[in-house]
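Asks: Just passing along the structure, written as structure tokens.
2 protein chains.
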Amino acid sequence: MSQQELSLVGKHLQSRATRSHSFESSPWSEALDLIRDRPDAIYFGDGAPATEVQPIARLQEAALKAWADASGNLGYGELAGYAPLRELILERMQVRGIRAGAGDIMVTNGSQQGIDLIARLMLDPGDPILVEGPTYIGAMQTFDAYEIDYVVIPMDDEGIDVAALDARLDAMDRKPKLLYTIPAFQNPTGTSISLARREALLDLAERRHLLILEDDPYGELWYGSPPAPALRADHPAVVYLGSFSKTIAPGLRVGWMVPPPEMMDLLAMAKEATDIHSNRIATRTVYHAAEGFLDGHVAMLREFYGARRDVLIEGLTASMPPEIEWNVPDGGFFIWLRLPEAVSANEMLVTAARHDVAYLPGSWFYPLGDVRTNELRLSFSSLPVDRIREGAKRLGHAATDFLRNEECS
Amino acid sequence: MSQQELSLVGKHLQSRATRSHSFESSPWSEALDLIRDRPDAIYFGDGAPATEVQPIARLQEAALKAWADASGNLGYGELAGYAPLRELILERMQVRGIRAGAGDIMVTNGSQQGIDLIARLMLDPGDPILVEGPTYIGAMQTFDAYEIDYVVIPMDDEGIDVAALDARLDAMDRKPKLLYTIPAFQNPTGTSISLARREALLDLAERRHLLILEDDPYGELWYGSPPAPALRADHPAVVYLGSFSKTIAPGLRVGWMVPPPEMMDLLAMAKEATDIHSNRIATRTVYHAAEGFLDGHVAMLREFYGARRDVLIEGLTASMPPEIEWNVPDGGFFIWLRLPEAVSANEMLVTAARHDVAYLPGSWFYPLGDVRTNELRLSFSSLPVDRIREGAKRLGHAATDFLRNEECS
């Protein structure tokens, strides 16, 4: 291709959509770049589920069943997903307190597509939306493409600060279109909403007619006692998002949404306009894998991830300098660390990389302009316990070095 | 749920995104509604591929291979798709004249998602885009969600009218962001662009710096001689969309795009923001199914669909009143009929339904406001030959009745 031709396409790109400026960088690559030439580095940045517990044999059997039933099911169809899978999801939703009809469930390509479909339905450019500070990077990636304005509500160890939310809403001229929240074992903080806080949030949502987008990929993965029921259980204006990515496997891209019933037809048409419908064999495979198996599998996952969490907590307790604090999450994949107020986790990352360990700086989990820099996220989901143990040790050395240098500089 | 609660959600829906008004109805259901209580009706509206030729046994074998290789491939990953599948696509693209690198190919959830990703990248609300009149309904469904303005360029039996396009561009204040075109065996008309017209279009695109979105789901399904090479073969500013929906099966939702290389990174981030990536087993399954098999399968499909086309043409020739005209497409799934200028195909559909036969009125394939009403689309892809034969007979009776009544009224 000649230079002239290149610049021809370049000209088109100059006039591309305003939203597309959010496609200019990937949020995931930077920390990895720091350790790319360090083969022994331990990366606490990967929040993916562990590959060791993917139920591959079960999925292989399930795929056989799905394919045995493929005839007549390989055409266009099933916009809302395979009916038996929706029934199965419906039944499983009761664990989270949700009573809905199977017709109220739509299967999506992972819960990420659920975020996208709700954004499509609800969000015009310039609309304000409420998010927790910090919040899930992938959700911001989707919201960014809708050119919305973020309004960041702080969190504490009981979840989103509802009093702050209330005050912030009082101060706003424009009513926000929705609140995006991860009430159980939040990504990135690991925090779960307390029962009292949940009550207050639902009360506020009713009083102020606030639409809630509830993202719940970790709700079943608790390592002590289960989290509070889903918000969707007790409020009609909640869109609930669920996922099999953490309980079965992310590579199959199967999740679901439970929107208010009045939204279902619009969301189905939004989905049709996006990719027509989901892969019909994937939904059957997940159904056959989950049916009569997933409860037991999830019980095993609780032991498995609970052990990883325990090892990381032990390691941090043994290695980290006393100025650094963290929570002990009751579930999910993440632990959130706080450095002293003036210390930058972004800068400490360079030191950490030199110690062959890396994490995601907390600042990445805030929309631009509302950033706190003294926090960081550790994922314990995808690392074997010996690597977690060794990683915590390295992180302790790195933090000790870094804080000492900070003092001396 | 109480009435009060319903109205609470209703209030949220009142303030939904402007684009969402395009989600209020499905374009596909109306013709079906007319014949829903007529179990013997023959529906020429379904443009889906035939279920009889889905290579299910081959896919079952392929799925076994894909699942045997699943370990390590069920996590997040492969944003642009399974590398061997991209290589295979690359090689197959040579049949359409396209020489690209495997890195220039991105696998999508059917080519519908390709349309959506390009719209995401390029289109702001109010942007003008060029479409053929008539054009594919599903593409308009996607574009509608981007709140663009359609500029409709007429077609004739050589494809899009490039002189009309040129004149229209002269008359426009704002440069359109792209031209959406289906150059080979177009949906809905079955028309293919002639070599001379193709030359003229590429010349215009270069002269006027016009970005082209080339949708090519039928390019390999020719029943006489192959169509002109893809536009992407000879112009850098073409985004090519391909699909396995018509050559393997639509229910797997696997297609691809070949954008200009400069667009790839932005499109990948657009995809990540939508659903992270595609199902990794589906892309492996399609790879193993296609590898060493698809050429032979496509050759069989040409015979199979060619025979269906022939039967429909014979049936129309034998049954239709002389005032009605149609083309004989060299490939694809569709035949386009023209009634006398003043006759409405929408009105004739009611008579047709009474004769237990239905089609899609041509007016549905134009954006609102640019509609011609004396045309209709017949799909021969999904009906067995005896049903096509009987359907043509019924349509002949219906048209004869309807035109006679038109004359008498």
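Chains as they are written, first to last, in this note's numbering: chain W, 798 to 1206; chain E, 798 to 1206.
The C-beta atom is built at its ideal place from N, Cα and C for all residues, glycine as well.
Quick caveat, the model's predicted, so the values are computed rather than measured.
#1: How long is the line joining the alpha carbons of W/A860 and W/E1203, rounded to whole angstroms?
#2: Between the alpha carbons of W/R1105 and W/D1153, how many angstroms are there, rounded?
#3: Enumerate in chain order the residues of its own chain whose CB-to-CB distance from E/A913 is below 7 Å, with the five nearest sequence positions on each side excluded.
#4: Pairs of beta-carbons, one from the region 889-906 of chain W and one from the region 1025-1045 of chain W, closer than 8 Å: are there three or more?
#5: What residues in its chain sit with their C-beta under 8 Å from that of E/V948, if we drop five residues either side in the sequence?
#6: Can a CB atom of chain E be found closer than 8 Å to the CB of W/T815?
#7: Compare the C-beta of E/H1094 with all C-beta atoms of chain W and state if any pair is closer than 8 Å.
#8: Does W/S799 come out as helix, strand or coil in the three-state DSSP assignment?
#9: In chain E, what lies closer than 8 Å to W/K808 by C-beta?
#10: Would the region 951-966 of chain E and the region 929-938 of chain E be scored as touching if the rule is three or more Cβ pairs under 8 Å?
#11: Excluding the 5 residues preceding and the 5 following E/F982 in the sequence, name in chain order all residues of the same chain whose CB lies nearer than 8 Å to its CB.
#12: For chain W, is any of its Cβ atoms less than 8 Å away from the one on E/W1019?
#13: Note down, in chain order, each residue of its chain lying with its Cβ closer than 6 Å to the Cβ of E/I945, except the 5 sequence neighbours on either side.
#14: Take the Cβ of E/S826 as the centre, count every other Cβ of all protein chains shown within 10 Å, and call the residue buried at 16 or more, exposed below.
#15: Compile a chain-ordered list of the residues in the region 1172-1198 of chain W whose CB is closer than 7 Å to at least one CB of chain E.
#16: Taking Cβ positions, are W/W864 and E/Q857 nearer each other than 8 Å?
#17: Check whether the Cβ of W/Q800 lies closer than 8 Å to any Cβ atom in chain E.
#18: Around the Cβ of E/K1068, are there at least 16 other Cβ atoms within 10 angstroms (buried) or fewer (exposed)?
#19: Thinking C-alpha only, which one of W/G1048, W/A1002, W/K1043, W/I1045 is nearest W/V1036?
#20: Have a look at W/A1149, W/D830, W/L976, W/D1000 and flag the residue whose alpha-carbon is nearest the alpha-carbon of W/K1190.
#21: Give the residues of chain E in contact with W/Y1037, contact being defined as C-beta atoms less than 7 Å apart.
#22: At what residues does the alpha helix (DSSP H) containing E/M952 begin and finish?
#23: Check W/D1012 in the structure and name its three-state DSSP category.
#24: Is E/S868 close to chain W, meaning its C-beta is less than 8 Å from at least one C-beta of that chain?
#25: Have a look at E/Y943 and E/R816 and give me their C-alpha separation to the nearest angstrom.
#26: Pop quiz: W/M1060 and W/L1038 are said to be a contact at Cβ under 8 Å. What is the actual Cβ separation, rounded to whole angstroms?
#27: Just list the residues that DSSP pairs W/M1054 with in beta bridges.
#28: Give the DSSP-derived three-state secondary structure of W/L975 in the structure shown.
#29: So for E/R994, helix, strand or coil by DSSP?
#30: Are the CB atoms of E/L976 and E/I1009 nearer to each other than 8 Å?
#31: Tell me, which residues are paired with E/I926 by DSSP?
#32: Per the contact definition of three or more C-beta pairs closer than 8 Å, is the region 869-885 of chain E in contact with the region 1069-1089 of chain E?
#33: List, in order along the chain, the chain C residues whose C-beta lies closer than 7 Å to that of E/D946?
#34: Considering only the beta carbon of each residue, do E/I1185 and E/G1112 sit closer than 8 Å?
#35: Using CA atoms only, rank isn't needed, just tell me which of E/G1159, E/R1135, E/T1044 is closest to E/R1099.
#36: Rank W/P1164, W/E1144, W/S1178 by C-alpha distance to the C-alpha of W/D785 and give the top, closest one.
Replies: Straight from the coordinates:
#1: 55 Å
#2: 20 Å
#3: Looking at the sequence itself, residue 913 of chain E is Asp, so the reference to Ala does not match. The residues are T939.
#4: yes
#5: P925, I926, L927, V928, R965, M969, P973
#6: yes
#7: no
#8: Note that W/S799 has pLDDT 49, beneath the 50 cutoff, so the model's placement of it is unreliable and the number below is only indicative. W/S799 falls in the coil class under three-state DSSP.
#9: H1006
#10: yes
#11: T988, S989, Y1015, G1016, L1018, W1019, P1024, P1126, D1127, G1128, G1129, F1130, F1131
#12: no
#13: L920, D924, I926
#14: exposed
#15: none
#16: yes
#17: Confidence at W/Q800 is low in this model, with a pLDDT of 49, below 50, so its placement is unreliable and no value can be given for it.
#18: buried
#19: W/A1002
#20: W/A1149
#21: Result: empty, since nearest Cβ-Cβ is about 13 Å, beyond 7 Å.
#22: Unbroken run through E/M952 is the beta strand (DSSP E), 946-953; no alpha helix (DSSP H).
#23: strand
#24: yes
#25: 6 Å
#26: About 13 Å; that fails the 8 Å criterion.
#27: W/M903, W/L1038
#28: coil
#29: helix
#30: yes
#31: E/Y947
#32: yes
#33: Looking at the structure shown, chain C is missing, and the protein chains on hand are W and E.
#34: yes
#35: E/T1044
#36: In the structure as shown, chain W starts at 798 and stops at 1206, and residue 785 of chain W therefore has no counterpart that could be examined.
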